[in-house]
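Heads up: the sequence shown begins at 1117 in our numbering, then just goes up one per residue.
Positions of the beta carbon are idealized from the N, C-alpha and C atoms, including for glycine.
Since the structure is predicted, the reported quantities are computational estimates derived from the model, not experimental observations.
Notes for the one structure printed next.
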Amino acid sequence: MKKFFNERLLRERLLMLVFVAIGAVWWGSELITRVRGNVQAWSSLQADAEVQRLWLSQEATVTQRTAEVASRLDTGKTMNAAQAFAEVNRLAQGLSVEMGAQRTDRTDTFSLHSLQVTFRRVDMAGLLRFYEGVMSRAPYVGIDQCTISADRATPGMVNAVFRVYAVEAAKSEAGK
């Protein structure tokens, strides 16, 4: 390799050195970018691990508070997934509504059924009626997330997306 390099004219040697330098700078900048990304990911994971450690250290408190809440719930008012869907559908009656797939998260004490409800081109009064209907069923039914935007095509109408949840007491709690 040294012989090949030394046999070239000065101009060619300089050009080869420039190309090698450009390659080294390019490789170095990519290396720095990858290292920076890995350091950020590592620090993010450390922060997440710290949050998890804090939650785990509070396990006894969380378990106690969950048991207190469970003891105050009237298990007859909790709803399974089908009842929750029917209740949300009843509350949205008369509105242009689209319901997404249901998702259920289960624990030893509760099942939490969530459902995305999308309203298109509805008036604010109808939306407030739905909201008040859901809130009247609290804490058994509630709204986790809400996004409302004006409908540009129809003045006075809005589009809204709600994430509605319903609580169901676990089978072991229902028998108590």
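query, result
"Element boundaries [alpha helix (DSSP H), containing A1176]", "E1175 to R1188"
"Span separating the alpha-carbon of M1273 from that of V1257", "26 Å"
"Short Cβ contact (8 Å threshold) for L1207 with V1151", "no"
"Per-residue DSSP class, three states only, for S1265", "strand"
"Close beta carbons around S1265, own chain, < 6 Å, minus the five adjacent residues each side", "N1275"
"Y1256 - containing alpha helix (DSSP H), residue span", "Here Y1256 belongs to no alpha helix (DSSP H), and DSSP marks it neither H nor E."
"Of the residues A1286, F1226, Y1247 and T1194, the one placed nearest R1279, counting alpha carbons only", "Y1247"
"Straight-line Cα distance separating N1154 from R1124", "42 Å"
"Inter-residue spacing [alpha-carbon to alpha-carbon] between L1170 and S1252", "34 Å"
"N1205: first and last residue of the uninterrupted beta strand (DSSP E) it sits in", "Not the beta strand (DSSP E): N1205 falls in the alpha helix (DSSP H), residues A1197 to L1207."
"Segment limits, alpha helix (DSSP H) that includes K1193", "Run containing K1193: none; DSSP gives neither H nor E here."
"CB-CB length for N1196 against E1284, believed under 8 Å", "5 Å"
"Run of the beta strand (DSSP E) containing G1293, from where it starts to where it stops", "A query on residue 1293 cannot be resolved here, the shown segment of the chain reaching from 1117 to 1292 and no further."
"Alpha carbon of E1289 to alpha carbon of T1149, nearest angstrom", "For E1289, the predicted structure reports a pLDDT of 41, less than 50, and the residue's modelled location is therefore unreliable. A value from the coordinates is still provided. For E1289 and T1149, the distance between alpha carbons rounds to 53 Å."
"Own chain partners of W1143 with C-beta closer than 8 Å, once the 5 adjacent residues on each side are dropped", "none"
"Rounded separation between A1286 and L1228 - CA only", "10 Å"
"Span of the beta strand (DSSP E), counted from its first residue to its last, around G1216", "V1213 to R1222"
"Beta bridge counterpart(s) of V1233 as assigned by DSSP", "M1215 and F1278"
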